[in-house]
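Take a look at the structure below.
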Amino acid sequence: MTTPMEDIQPTHTSPPQKAKKSAEIRTHTIRSAPFSYAHLELSSSDPASHQPELDDLQVRSYCASALARFLGDTGSAIPVDLLKVRGNRAWVRVPSPDLAAFAAAVTAWPGTTDGGARVVLRLLQCSDWLGCMVGRDGQEDVWKS
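Heads up, the sequence shown is in UniProt numbering, so the first residue is 1 and it goes up one at a time.
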């Protein structure tokens, strides 16, 4: 008995699918941060003298002076939160939209005279993410008193 060829249906086999190497458990889009952070250092023009120490009031005063001088009343309205002040360094938080203006104001600030030596605030670094600035090793150090 012979079967005509037109009655035979060809079977299609698909190639074996590769197993997925990883599965996506959850995704999350990081929105822009509401605050940005800046690391400041008080620097003296007289290296022979001792490094000046900062306190909370000085940091507030210097930042307010820099913002008011650079941006006038608009700069005075920018809120600056002190996170930590130790030695001649300070960590501050400002609203993210104001970070560029804050950085420009601190950079352009001519400083003040303390004991015959000119002292200025230097902007060491700034970022929208605090963890990116301090790194994994120093992250806990920011919150120690």
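By construction, the Cβ of each residue, glycine as well, lies at the ideal position given by its N, Cα and C atoms.
With a cut-off of 8 Å, do at least 3 Cβ pairs link the segment 106 to 125 to the segment 20 to 34?
no
Report the residue ranges of all alpha helix (DSSP H) runs contained in full by the UniProt domain "Ribonucleases P/MRP subunit Pop8-like" (34 to 109); include only those spanning at least 4 residues, in chain order. 56 to 71, 73 to 76 and 99 to 108
Among residues of its own chain, excluding the 5 on either side of residue 87, which ones have a beta-carbon nearer than 8 Å to its beta-carbon? 51, 53 and 54
Please list the terminal residues of the continuous beta strand (DSSP E) segment that includes residue 118.
117 to 127
- Item | The beta strand (DSSP E) enclosing residue 113, as first and last residue numbers | 112 to 114
Rounded straight-line distance, which links the Cα of residue 21 to that of residue 98
44 Å
> Going straight from the alpha carbon of residue 43 to that of residue 25, what length do you get?
Replying inline: 49 Å
| request: State buried or exposed for residue 75, treating a residue as buried only when at least 16 other CB atoms are found within 10 Å of its CB. | output: buried
- Message: When you measure from the CB of residue 36 to every non-hydrogen atom of the ligand MG, does any distance come out below 6 Å?
- Response: What this structure holds is no ligand at all, so the ligand MG is not there to describe.
I need the straight-line Cα distance from residue 110 to residue 120, nearest angstrom please. 7 Å
Checklist entry - For residue 108, which residues of its own chain have a beta-carbon under 6 Å away from its beta-carbon, when the five flanking residues on both sides are left out? => result 70
Which one of 133, 82 and 93 has the shortest CA to CA distance from residue 58? 82
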